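Chemist: Please see the structure below; I have some questions.
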Amino acid sequence: MHNGVRKFQRQLVDVKPTPQLIERLKEIMSEVEISINTLKEEQRSCYEALLREEKTCRQEVTAYERRIENWSLALKSDPMPPTSHSVKTKPPDSDLPAEVRALEAFLQKTGGPYGGWDQYDHQAFLKVWTKYSGQPAYRKEASLYLLDKTLEDIEQHEDWHQQLICLQDRKREAIQRWKASKNQERQSRIQSQEEAERREKEAKTQVQQHRTEEERRETAQQLEQWREERRRKAEQEEEQRTLEEIQKRRQEKEERRRQLEVKLIIEEELHKKREEDEEQEQWRREEELREMNERRREATKGIKRFNERDLHRVEAKLQEKQLREKEEEERQKRIAVKLKEKVDGHVSRDPSRLTRPTKGWEERMKHIGPSGGGPLLQMFHRAVPSWRQGL
């Protein structure tokens, strides 16, 4: 039902009235109304069952109170308790106060504790009636909650409710008077019982004192016997502890002797193993020294062989370098002779040669084109090993 109301509220937020929306709202309202009616029926059934149970419990309580009252009356007249047959012969409501019977008759006559209304409507009426403290102004707001009730029905229900309150107050006062009388009777009965219990308690106290004296003497005797038994057990335990201590010392002495023998055997084995390890270590060091000397001789031979090979290579490089230098000197001499021959010849001056492209540039432009590839900024060479540098 709560979910249906929430759903109905969500449908009314920022919407335009359309036939589809109206139909959907009608369906939601029908579902909510069905949920409310179902809840009312369930609550009505539940409260009717509770009313029946309350009436049964009230009758049982009344019967028990009447039985207790009959017991108190019978104790005053006859020490024998009343029989169950005498209690059952009386009608259930014969001892009820007139105010209680008047309230029950009023409820039965007017339709139960809600005056013929269902619980939901009655609670809504009580909520508004309490809010306005019973002033006539409450009827206008109550008619908003109770759509199926007229103002006349509300006024009649108000009169019924005021009569119910009056009868409940009378019932409450009658119950208080009845409780006060029962309380007074119970107090007098308790006083007489306390007096009898006091005399009985004094007699029991004397018997208890005599019994306590006997128990004290028996306890003292048992305590002395227990002390004697404990002293005897302590002596036996001390003797047993002494024997165990002697046995323990013997075992410890034997254990130390055995451990000493084992220690000597282990030390002897360790000494033998240490000597064997030292011999193996000495043999290993000698073997390593022999291998090291052999490797040193082999390394000396290899170094000598590498030195001879490097010396031959260096000599060959020197000879090759000297040959290149000699060839370079001869080439420089030839170039110098040719330059000298050109310089000595007659050459006419032509200033336009400074701005005119050379033959090499013209040939290059034929293959590359006007855009060209740009000047060559870097030229790569083969790396020279470090041992060849400077030769």
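Residue numbering for the sequence shown follows UniProt numbering, starting at 1 and increasing by one per position. Ideal Cβ positions, reconstructed from N, Cα and C, are used throughout, including at glycine. Just so we're clear, the structure is a prediction, and the values are computed from it rather than from any experiment.
Compute the distance between the beta-carbons of Thr110 and Trp178, then report whether it is under 8 Å.
Modeler: no
Chemist: Ala137 lies in the alpha helix (DSSP H); which residues open and close that run?
Modeler: Where Ala137 is concerned, there is no enclosing alpha helix (DSSP H), given that its DSSP letter is neither H nor E.
Chemist: By how many angstroms is the C-alpha of Lys248 removed from the C-alpha of Arg257?
Modeler: 14 Å
Chemist: Let's see if you can read the secondary structure: which residues bound the alpha helix (DSSP H) around Thr110?
Modeler: Under the DSSP assignment, Thr110 falls in the alpha helix (DSSP H) whose first and last residues are Ala98 to Thr110.
Chemist: Could one say the Cβ of Glu214 lies closer than 8 Å to chain C's Cβ atoms, at least one of them?
Modeler: Considering every chain present, this structure includes no chain C. It has just one protein chain.
Chemist: When the Cα of Arg44 is compared with those of Leu21, Thr56 and Gly112, which residue comes out closest?
Modeler: Gly112
Chemist: On the CB-based measure, 16 or more other CB atoms within 10 Å of its CB, does Leu339 come out buried or exposed?
Modeler: exposed
Chemist: Could you tell me the alpha carbon to alpha carbon distance between Thr18 and Lys40, rounded to whole angstroms?
Modeler: 33 Å
Chemist: In or out: Ile165 buried (at least 16 other Cβ within 10 Å) or exposed?
Modeler: exposed
Chemist: Helix, strand or coil, according to DSSP, for Val384 in the structure here?
Modeler: coil
Chemist: Considering only the alpha carbon of each residue, which of Thr355, Glu329, Arg231 and Val314 lies closest to Gly390?
Modeler: Val314
Chemist: Could you tell me whether the Cβ atoms of Lys140 and Asp121 are closer together than 8 Å?
Modeler: no
Chemist: Which residues in the same chain as Arg216 place their Cβ atom closer than 6 Å to its Cβ, once the five residues preceding and following it in sequence are excluded?
Modeler: Correct list: empty, nothing qualifies.
Chemist: Is Gln389 helix, strand or coil when you go by DSSP?
Modeler: Note: Gln389 maps to coil in three-state DSSP.
Chemist: Is it the case that the Cβ atoms of Ala49 and Val100 are separated by a distance below 8 Å?
Modeler: no
Chemist: Helix, strand or coil: which one does DSSP assign to Lys317?
Modeler: helix
Chemist: Might you give, ordered along the chain, the residues of its own chain that have their beta carbon closer than 7 Å to the beta carbon of Leu103, omitting 5 neighbours on each side?
Modeler: Leu167, Gln168 and Lys171
Chemist: Could you tell me the distance, in whole angstroms, from the CA atom of Val128 to the CA atom of Gln156?
Modeler: 15 Å
Chemist: When DSSP labels each residue in this structure, what does Tyr64 get in the three-state scheme?
Modeler: Helix at Tyr64.
Chemist: Please classify Leu270 as buried or exposed, where buried requires at least 16 other C-beta atoms within 10 Å of its C-beta.
Modeler: exposed
Chemist: Which runs of the alpha helix (DSSP H) at least 4 residues long sit entirely within the segment 137-168? Give them in chain order.
Modeler: 138-145
Chemist: By how many angstroms is the C-alpha of Ala234 removed from the C-alpha of Val245?
Modeler: Here the sequence assigns Glu to residue 245, which means Val is not the residue at that position. Spanning the two alpha carbons is a distance of roughly 16 Å.
Chemist: Between the Cα of Tyr145 and the Cα atoms of Tyr132, Tyr64 and Ala124, which residue gives the shortest distance?
Modeler: Ala124
Chemist: Residues in the same chain with beta-carbon distance under 6 Å from Tyr114, minus the five sequence neighbours each way, listed in chain order, please.
Modeler: Hits under 6 Å: His122.
Chemist: Going by Cα to Cα distance, which pick from Gln221, Ile68 and Arg230 is closest to Glu185?
Modeler: Ile68
Chemist: Decide if Ala383 is buried, meaning its Cβ has at least 16 other Cβ atoms within 10 Å, or exposed.
Modeler: exposed
Chemist: Could you compute how far the alpha carbon of Gln176 sits from the alpha carbon of Glu197?
Modeler: 30 Å
Chemist: Indicate the three-state DSSP secondary structure (helix, strand or coil) for Asp350 in the structure shown.
Modeler: coil
Chemist: Are Phe106 and Gln163 touching if we call contact CB-CB under 8 Å?
Modeler: yes
Chemist: Just to check my reading of the structure: Ala137 and Ile154 have Cβ atoms closer than 8 Å, yes? What is that Cβ distance to the nearest angstrom?
Modeler: Between Ile154 and Ala137 the Cβ distance is about 12 Å, and since that is not below 8 Å, they are no contact.
Chemist: Under a three-way DSSP split, which group does Arg44 fall into?
Modeler: Taken through DSSP and simplified to helix, strand or coil, Arg44 comes out as helix.
Chemist: So Gln119 packs on Tyr47, CB below 8 Å; how close in whole Å?
Modeler: 5 Å
Chemist: If you drop the 5 nearest sequence neighbours on each side, which residues of the same chain put their C-beta closer than 8 Å to that of Pro357?
Modeler: Met365
Chemist: Taking the C-alpha atoms as reference points, what is the distance between Asp310 and Leu318?
Modeler: 12 Å
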